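Residue numbers (my numbering), protein chains in the order written: chain A, 108 to 222; chain B, 529 to 642.
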């Protein structure tokens with residue numbers, strides 16, 4: 108079974124530019140998550156989708172971050188405009204169901220550097 | 529406000545001995561706890577979990593203990609092997625409403641010495 112795919116793996120941009128990350132979850136997984144992991148910290152949830160609907164986006168900085176999950180499969184996370192403090196690894200995860208005990212499987216992440 | 533705390537940034541253990549990683553939490557709403565393992569340049573990998581209705585869960589060399597009254601959990605690895613060297617994250621979920629995103633600690637870097 109293929110795992111969670113993310114691209115690009117690395118991205119370097121200058122502040123005030125925009126950037127987009129792509130995630131393809133495990134086939135058939137209903138729930139998709141985006142996490143931000145700043146160096147030295149644990150991952151922090153940004154947004155949770157169930158199919159193509161948003162379940163939780165309480166920690167998403169909505170003035171600059173946006174995310175969508177069209178057709179309940181792939182998802183994109185966008186930052187516009189980027190700030191220096193957005194430098195982090197952006198992790199996508201998926202789980203089969205919506206119960207709290209469903210295992211979340213993580214992709215390898217996209218490392219973003221904002222100069 | 530850190531709701532999940534791992535107070536040891538790193539831990540060094542000799543191969544073959546027991547590794548004990550600790551985690552504390554503050555949110556009483558959490559009812560499910562997990563440990564993830566992370567190698568460099570990879571995403572976190574699920575290791576083991578425990579529900580709040582249990583106090584122990586075992587899977588091979590890995591055992592997680594939960595002390596609800598103390599809001600504390602620990603991961604025991606016996607015996608420790610070189611491949612166990614990684615960053616271990618404690619995570620929790622269960623705030624309800626269908627929102628089951630995980631709240632992570634900062635991680636403990638486990639180093640297994642040969």
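Every residue, glycine too, gets a C-beta built ideally from N, C-alpha and C.
As the structure is a prediction and not an experimental result, all values here were calculated from the model.
Using a Cβ cut-off of 8 Å (strictly closer), state whether residue i contacts chain A.
i	result
residue 584 of chain B	no
residue 568 of chain B	no
residue 572 of chain B	yes
residue 629 of chain B	yes
residue 617 of chain B	yes
residue 544 of chain B	no
residue 553 of chain B	no
residue 633 of chain B	yes
Pull up the distance between the alpha-carbon of residue i and that of residue j, whole angstroms please.
i	j	result
residue 600 of chain B	residue 594 of chain B	6 Å
residue 534 of chain B	residue 186 of chain A	30 Å
residue 604 of chain B	residue 547 of chain B	6 Å
residue 591 of chain B	residue 583 of chain B	10 Å
residue 211 of chain A	residue 192 of chain A	26 Å
residue 536 of chain B	residue 178 of chain A	42 Å
If we count the other Cβ atoms within 10 Å of its Cβ and call it buried at 16 or more, is residue i buried or exposed?
i	result
residue 566 of chain B	buried
residue 573 of chain B	exposed
residue 116 of chain A	exposed
residue 588 of chain B	exposed
residue 123 of chain A	exposed
The beta strand (DSSP E) that contains residue i, what's its start and end?
i	result
residue 56 of chain A	For chain A, the structure presents residues 108 to 222; residue 56 of chain A sits outside this window and is missing.
residue 569 of chain B	Segment: none, residue 569 of chain B is in no beta strand (DSSP E) and carries neither H nor E.
residue 120 of chain A	117-120
Would you say residue i faces chain B, with C-beta separation under 8 Å as the test?
i	result
residue 152 of chain A	yes
residue 197 of chain A	no
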